[in-house]
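J.: Here the UniProt record's numbering is used: the sequence shown runs in plain steps of one and ends on residue 207. We put the beta carbon where it would ideally sit given N, CA and C, even for glycine. All values reported here derive from a predicted model rather than from experimental measurement.
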Amino acid sequence: MSAAPLPGPLAALAPLLDDYGYLAVAVLVLLDNCGIPAPGQTVLVLAAVYAGTGHLSLAAVIAVATAAAVLGNTLGYLIGRTGGRAFVHRWGRYVMLTPARMERADGFFERHGGKVVTVARFVDGLRQTSGIIAGTTGMDARRFTVFNILGAVLWVGVWSVAGYLAGANIGTVYEQVVRYQLWLLIGLGAALLAALVHQLLRRRARR
1 MSAAPLPGPL
11 AALAPLLDDY
21 GYLAVAVLVL
31 LDNCGIPAPG
41 QTVLVLAAVY
51 AGTGHLSLAA
61 VIAVATAAAV
71 LGNTLGYLIG
81 RTGGRAFVHR
91 WGRYVMLTPA
101 RMERADGFFE
111 RHGGKVVTVA
121 RFVDGLRQTS
131 GIIAGTTGMD
141 ARRFTVFNIL
151 GAVLWVGVWS
161 VAGYLAGANI
171 GTVYEQVVRY
181 QLWLLIGLGA
191 ALLAALVHQL
201 LRRRARR
């Protein structure tokens with residue numbers, strides 16, 4: 001690894017990547033995408049930085065991370081598909097998730113699920129849960145798979161290229177990303193809310 005200083009989260013993962021390489025990328029990215037909190041995105045960026053210094057292969061990092069991201073989100077989808085609905089019916093009322101609201105969520109994912117699954121990869125919190133939500137709402141498996149792969153390719157591609165090109169400047173780049181990530185989350189939430197309000201207004205107009 002180069003002598004360039006790494007920001008805190010990246011520096012903390014450096015020993016793990018030094019010891020386990022692609023295996024660390026595969027495991028952490030998979031966990032991060034199937035609903036288990038893990039620094040998958042951070043290790044992906046760090047692996048790309050390593051590739052930029054010649055310690056890892058960029059092509060291998062992209063291949064391993066993409067496969068792990070697709071598999072992780074698919075596992076989340078299967079968890080939601082097999083047990084999510086029963087969980088909601090039994091415990092959902094305690095978090096104000098009633099069967100009626102679940103039906104509305106089904107309709108929303110029917111229309112916008114592909115966008116959510118794709119964009120969610122770039123938002124902490126949604127990245128870990130989008131597959132489970134898609135499975136729970138009954139999103140078509142083939143449609144989910146298409147957008148799951150698309151989202152994984154975009155997410156891995158963006159962060160791999162960013163880390164690879166940033167190289168010694170990764171500290172500055174990482175700080176800027178963290179600074180604006182909240183605005184990305186707010187923007188996504190606003191877009192989803194606007195889409196939901198639009199659908200409600202259209203339903204009322206038909207009555």
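#1: What do you get for residue 161, buried or exposed, if any count of 16 or more other CB atoms within 10 angstroms of its CB means buried?
#2: Between the stretch 42-55 and the stretch 18-28, do three or more beta carbon pairs fall short of 8 Å?
#3: Going by other Cβ atoms of all chains shown within 10 Å of its Cβ, with 16 needed for buried, is residue 39 buried or exposed?
#4: Would residue 121 be called buried (16 or more neighbouring beta carbons within 10 Å of its own) or exposed?
#5: Assuming residue 76 and residue 32 form a contact by the criterion Cβ under 8 Å, report the distance between their Cβ atoms to the nearest whole angstrom.
#6: Spatial neighbours of residue 164 within its chain, please: CB distance less than 6 Å, with the 5 preceding and 5 following residues excluded, ordered by chain position.
#7: Quick check: residue 129 and residue 147, are their CB atoms within less than 7 Å of each other?
#8: For residue 152 versus residue 64, is the C-beta spacing smaller than 7 Å?
#9: I need the DSSP call for residue 123, collapsed to helix, strand or coil.
#10: Going by C-alpha distance, which of 143, 13, 22 is nearest residue 42?
#11: So, is residue 66 buried or exposed, given that buried needs 16 or more other C-beta atoms within 10 angstroms?
#12: Here's a check: name, in chain order, each residue in its chain whose Cβ is nearer than 6 Å to the Cβ of residue 131, leaving out the five neighbours to either side.
#13: Spatial neighbours of residue 134 within its chain, please: CB distance less than 7 Å, with the 5 preceding and 5 following residues excluded, ordered by chain position.
#14: Exposed or buried, what is residue 35 when buried is set at 16 or more other beta-carbons lying within 10 Å of its beta-carbon?
T.: Reading off the structure:
#1: Residue numbering aside, residue 161 sits at position 161 when the sequence shown is read from its first letter. It is exposed - the Cβ of residue 161 has fewer than 16 other Cβ atoms within 10 Å.
#2: yes
#3: The count along the sequence shown starts at 1 and reaches residue 39 at position 39. With 16 or more other Cβ atoms inside 10 Å of its own Cβ, residue 39 counts as buried.
#4: Here residue 121 is taken as the residue at index 121 of the sequence shown, counted from 1. Counting Cβ neighbours within 10 Å, residue 121 comes out buried, since at least 16 surround it.
#5: Taking the first residue of the sequence shown as 1, we reach residue 76 at position 76. Taking the first residue of the sequence shown as 1, we reach residue 32 at position 32. Not confirmed; about 10 Å, so no contact.
#6: What you label residue 164 is simply residue 164 of the sequence shown in a count that begins at 1. Closer than 6 Å at the Cβ level, and outside the excluded window around residue 164, lie 48, 51, 52, 58.
#7: The count along the sequence shown starts at 1 and reaches residue 129 at position 129. The count along the sequence shown starts at 1 and reaches residue 147 at position 147. Contact flag unset, no.
#8: What you label residue 152 is simply residue 152 of the sequence shown in a count that begins at 1. What you label residue 64 is simply residue 64 of the sequence shown in a count that begins at 1. Not closer than 7 Å, so no.
#9: As a first step, residue 123 is located in the sequence shown; it is residue number 123 there, counting from the start. The three-state secondary structure of residue 123, taken from DSSP, is coil.
#10: Taking the first residue of the sequence shown as 1, we reach residue 42 at position 42. Out of 143, 13, 22, 13 has the C-alpha closest to the C-alpha of residue 42.
#11: Taking the sequence shown and counting its residues from 1, the one referred to as residue 66 is at position 66. By the neighbour-count rule (16 or more Cβ atoms within 10 Å), residue 66 is buried.
#12: In the sequence shown, counting from the first residue as 1, residue 131 sits at position 131. Excluding sequence neighbours, residue 131 sits near 73, 76, 77.
#13: The count along the sequence shown starts at 1 and reaches residue 134 at position 134. So the list reads 77, 80, 109, 113, 117, 144, once near-sequence residues are dropped.
#14: If you number the sequence shown from 1, residue 35 lands on position 35. Buried, since its Cβ has 16 or more Cβ neighbours within 10 Å.
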